[in-house]
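Written out below as structure tokens is the structure these notes cover.
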Amino acid sequence: MPSTYLSFRCSVLWLILSLEAVFIVCSYFLFSDRHILSYSDRTITYLAWQDVSHMLIFGFGFFLMFLKRYSFSSVGFNLLIIVLGVQCSLLMQNVSVFLKEGKLKGSLESLIEAAMSMVAVIISIGAVLGKTNPMQSIVMTIVEIIVFCMSRWINTYILEVSNHVSMMHVHLFGAYFGLAVSSRFSEPSPRAEKNASTPKSDLLSMLGTLFLWVFWPSFNSALIVEKHKVIFNTCLALAVSAVTAFALSGLITKDGKFRMTHIHSAALAGGVTVGYAAESIEYPWIAMILGLLASVMSILGSLCLQSCLHPTLKIHDASGVHFTFGLPAVFGALAQVLLCVIETKSLSFDCEVILNIGAICFTISVALITGLITGLILNLKLLKPIPVSKYFEDQMYWEFPHLAVGF
Amino acid sequence: MPSTYLSFRCSVLWLILSLEAVFIVCSYFLFSDRHILSYSDRTITYLAWQDVSHMLIFGFGFFLMFLKRYSFSSVGFNLLIIVLGVQCSLLMQNVSVFLKEGKLKGSLESLIEAAMSMVAVIISIGAVLGKTNPMQSIVMTIVEIIVFCMSRWINTYILEVSNHVSMMHVHLFGAYFGLAVSSRFSEPSPRAEKNASTPKSDLLSMLGTLFLWVFWPSFNSALIVEKHKVIFNTCLALAVSAVTAFALSGLITKDGKFRMTHIHSAALAGGVTVGYAAESIEYPWIAMILGLLASVMSILGSLCLQSCLHPTLKIHDASGVHFTFGLPAVFGALAQVLLCVIETKSLSFDCEVILNIGAICFTISVALITGLITGLILNLKLLKPIPVSKYFEDQMYWEFPHLAVGF
Amino acid sequence: MPSTYLSFRCSVLWLILSLEAVFIVCSYFLFSDRHILSYSDRTITYLAWQDVSHMLIFGFGFFLMFLKRYSFSSVGFNLLIIVLGVQCSLLMQNVSVFLKEGKLKGSLESLIEAAMSMVAVIISIGAVLGKTNPMQSIVMTIVEIIVFCMSRWINTYILEVSNHVSMMHVHLFGAYFGLAVSSRFSEPSPRAEKNASTPKSDLLSMLGTLFLWVFWPSFNSALIVEKHKVIFNTCLALAVSAVTAFALSGLITKDGKFRMTHIHSAALAGGVTVGYAAESIEYPWIAMILGLLASVMSILGSLCLQSCLHPTLKIHDASGVHFTFGLPAVFGALAQVLLCVIETKSLSFDCEVILNIGAICFTISVALITGLITGLILNLKLLKPIPVSKYFEDQMYWEFPHLAVGF
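As you go down the protein sequences, you meet chains P, C and R in turn. Using full-length UniProt numbering, read the first sequence as starting at 1 and increasing by one per residue. Using full-length UniProt numbering, read the second sequence as starting at 1 and increasing by one per residue. Using full-length UniProt numbering, read the third sequence as starting at 1 and increasing by one per residue.
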């Protein structure tokens, strides 16, 4: 048994290496003509890239660090998945743009879009945090990023959704893909001692949340030319949703105490929601109300989903991605359509509105269907799914030379 | 008793929600005309906003995290206070500019000023860290930010102090307001076991200090157009004050060991001091000398104040805001006036100098008087001040689901 | 004995203060004419400065924090050394430019170069981490930064290496200087209980690695005008080297588990290697292959060096700077020469190539020779080297008032 397991482990490592070889060979063929690579030199592009990469590496790395025995894996595998996924996403990105337009985008611009697409994968990974082995995570990453890029391509070029809005669907896609995958994994026992946080891990997770919170305006404005309005609206929405998170967290817990996980989820909900419409919001108070409603939805969602919906559907949502990213994203996407209708003052639903709603439904359906299929694939014997008793544990994947000394 | 306490807790939550409602309604009326909102699109504004928000959220959040049982509250309530205060400050800001000039500033610019004003509140909160309940913190935040905005308005428009210098008074105001409030709170017993740090909390606090230290040049240059000179001078002052902090810390402790809290305070003192005059310093060595003197003042201040002044006045300064921000700010403000006099080479004190000194005195007096009044209000029975034995403790405000499992 | 030790400690503090006085006096004479100070106001300069300072303060501060009883010193002395060294480096920088060109560079530009030069010192400090007292660290800092600035001056002005490449030699110089110094210190016993990490310290070190990793593209592009290409190439190289780090780490440990220190070293190796040639790499796949080879070299290097080379040479490399920075830098420097040859398609080695190879050899030899001499000086009785039993310990330098309460 150990020897077969060891050989399985080695196969993970060879998988990683061969994936990397494939990426290098692909980029050899794709970027072979130096004339199609354009390097614009705008400072703002560089800034957007930096902020997005900080969000991915620090923000999500630490956001997912709340499990008490899974901190190495949270940070480490987050890095592994991002660096693998970004390369795959960059190739997909460039292939799709090349097919359509015959030339490549500026390199750093396409790197930004590749990195933003990876948010879908990280959200999905969050939904099954602690339940997948590295092999499963890598397969899931590659499948999801390819499907997301194709779904976004259809949204942008066929349903003619704007580039920014089609990128914002990343939250929708990530959350529902993750939930669908999660439904195929066995549920941990509710009293699992390892499925818990410590004050220290909660603090590190709070550090991650603050990183995400602070960089969210950059994320929402990364693909937009006139950034300042988007940034202003996102900041207000985030502020209001953080305030509301505190108030509601106290109201729904007994004793009126605050719960850290509520703050984590609800403070970010405003940013997710306002992302869709930020460009078209004319008055700050609209952004503030969106932030407030997103936060309410996220906290009530966490209450209802955990007590009603999930026990019925047997879906265990490890880091609450449904109410942190899923619900606020649905709400934000609908709000954007509504604001669009109000602004054009047309009573009749016109073509653009229908296409936008179509894109939302399309994204969710693709996410659910491919998520289910991916979930089934991941639980094949071939990929050696880990038993429930070994969930939420670092020690299978990392060397701890210090353990001998006393932890 | 528990039931009245629970109902009190709920009243905090309703206070938060109704404050938020007030802010939304106010911004509905204030920002109702889209033509008065201008969105400049300068990258540099966005950068300044980001740096200031990083300072507030990470820097101060972690800087105040040195108490061993108060880390959740330090980070959490810091976020709550900032998001509430920034909205209030933004409204005050825009009302005051609107009253004077009939139009609003660019939105992100006013957000930067709103966020910078919040530094006053966070410094004051630092002075009573661990002694206030959320209700008291919120009342204090709202009162202080309103008073500070009014005091700054008088400084800018009546005493005709430059916009930058009047914003730098934020340190002065925050420190003396905090001290005055603190004087109305009972002192913890000097041997209070909870009023202590652990190496871990000291490290997190050091992380916060480093954040503040690194972003201080951005803070000092946020309102200035020609930033590079200010940044260069602030960097040099910070470097010299950090060096001096190490040397003096070793000299005044027995055994010649370094004390972390000395480094925290004195390394920042140079940045506070040089903030006032950074624009008018012609030679780098002046900035370096200011940094050195600020650090000396901060460390000697910590020695004298803790051993002589505070026992007499019965003021317990929880995070040493007096010698970290107060004294260096007084020194910096005076140095700026002096440099101004030297540069104009006029022997007679001219009008500008008198107005500048007047602004310093005015700011300190307003801070002390309103601080005292606020301190009295906060200790009304109505706000249920917490007993001394419950100081410096998280557990009253936060759920710790993991406590059952073993901390 | 304690009293002589105390007086020795005081002499450290007076050394710091007098160094600071020297720096202030020097900058008084150097920057006395305000007309030679130019302040350009390009946003991009400010950004580059910020990113480099973040790398130094956070990145290296936390990267070096893996020792379980040395976290205060890692962060604290890192700050002390940087603030001292940057001032010295800034003076050296300006003197050398002034001697050659008769005027000073823009101030922030020279600050960036000064800060980047400090990377050499921090790498060397990493090689003897935990073995030097503050006096030794300070002497080493001052000697190394002066030698490095002189070596860079010769590289730039005599060997006519480009400014960017001569700065990239910082890794080479730092690693080999550190190794040479380290060879003069006694080796700790291999079972030293304090020479170990805990999961917590490993996580903090990972945080530092991530900081370095994320800011590495800024470091590589700081001195280059057309940044976007360099950033793009560095990002790809870093991504590939992180992927390879995971795969190889699993392959060379027994059980196929990942080792955190492998990830730390190898993920950065790609950035070090690609730094030299980033500007002249035309196709992304070249950067990717460089990243892959750098990572392979770093991990195999760690395996070979620790098991073969170091036991022979009796060099204990505390944080593995040889295979993290040294080997990848040698490889990167050679790769840059090779790419240069290929591009010019000249079969005969021309003058530029010879000068570049000369610069590499010159830098390494200067580093080794001056490092050996510095190592001998540091072990003079005068500087009171600490005994092997006191290695890797904070408690000699820092007050821990909380120890009484229970750690």
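Beta carbons are placed, not taken as given, at the ideal position from N, Cα and C, and that holds for glycine.
DSSP three-state assignment for residue i, whether helix, strand or coil
i: residue 177 of chain C; result: helix
i: residue 219 of chain C; result: helix
i: residue 258 of chain R; result: strand
i: residue 240 of chain R; result: helix
i: residue 196 of chain R; result: coil
i: residue 68 of chain P; result: coil
i: residue 58 of chain R; result: helix
i: residue 190 of chain C; result: coil
i: residue 318 of chain R; result: coil
i: residue 391 of chain P; result: coil
Neighbouring residues, chain R, relative to residue i (Cβ below 7 Å)
i: residue 259 of chain C; result: 399
i: residue 119 of chain P; result: Chain R residues near residue 119 of chain P: none, gap ~16 Å exceeds 7 Å.
i: residue 188 of chain C; result: The contacting residues do not exist; residue 188 of chain C stays about 15 Å from chain R at best.
Residue-chain proximity (residue i, chain P), Cβ-Cβ < 9 Å
i: residue 1 of chain C; result: Confidence is the limiting factor: at residue 1 of chain C the pLDDT is only 42, short of 50, which leaves the residue's position unreliable and the question unanswerable from this model.
i: residue 61 of chain C; result: yes
i: residue 324 of chain R; result: no
i: residue 362 of chain R; result: no
i: residue 173 of chain C; result: no
i: residue 49 of chain C; result: yes
Within chain P, partners of residue i - CB distance below 9 Å
i: residue 115 of chain R; result: Per Cβ cutoff of 9 Å: no residues; residue 115 of chain R is ~18 Å from chain P at best.
i: residue 20 of chain C; result: 240, 243, 244, 247, 288, 292
Residue i burial status per 10 Å Cβ neighbour count (16 or more: buried)
i: residue 25 of chain R; result: exposed
i: residue 279 of chain C; result: buried
i: residue 97 of chain P; result: buried
i: residue 102 of chain R; result: exposed
i: residue 209 of chain C; result: buried
i: residue 354 of chain C; result: exposed
i: residue 133 of chain R; result: buried
i: residue 308 of chain P; result: exposed
i: residue 21 of chain P; result: exposed
i: residue 311 of chain R; result: exposed
i: residue 274 of chain R; result: buried
i: residue 421 of chain R; result: For chain R, the structure presents residues 1 to 407; residue 421 of chain R sits outside this window and is missing.
i: residue 344 of chain C; result: exposed
i: residue 88 of chain C; result: buried
Chain-ordered neighbours of residue i on chain P, where CB pairs are closer than 7 Å
i: residue 46 of chain R; result: Neighbours of residue 46 of chain R on chain P: none; closest Cβ ~10 Å, over 7 Å.
i: residue 87 of chain C; result: 239
i: residue 108 of chain C; result: 228, 231, 232
i: residue 391 of chain R; result: Within 7 Å Cβ-Cβ: nothing; residue 391 of chain R doesn't reach chain P, min ~16 Å.
Neighbour list for residue i in chain C, Cβ cutoff strictly below 9 Å
i: residue 251 of chain P; result: 10, 13, 14, 17
i: residue 72 of chain R; result: 199, 202, 203, 206, 258, 260
One or two residues paired with residue i in a DSSP bridge
i: residue 398 of chain P; result: R:258
Closer than 9 Å to chain C by CB, residue i
i: residue 340 of chain P; result: no
i: residue 267 of chain P; result: yes
i: residue 122 of chain R; result: no
i: residue 345 of chain P; result: no
i: residue 143 of chain R; result: no
i: residue 170 of chain R; result: no
Short CB-CB distance (under 9 Å) between residue i and chain R
i: residue 93 of chain P; result: no
i: residue 57 of chain P; result: yes
i: residue 394 of chain C; result: no
i: residue 24 of chain P; result: yes
Proximal residues of chain C, C-beta to C-beta of residue i below 8 Å
i: residue 29 of chain P; result: Going along chain C, no residue has its Cβ under 8 Å from residue 29 of chain P, so there is no contact; the nearest lies around 36 Å.
Chain C contact residues for residue i, given Cβ-Cβ distances below 7 Å
i: residue 76 of chain R; result: 258, 263
Chain R contact residues for residue i, given Cβ-Cβ distances below 8 Å
i: residue 80 of chain P; result: 242, 243, 246
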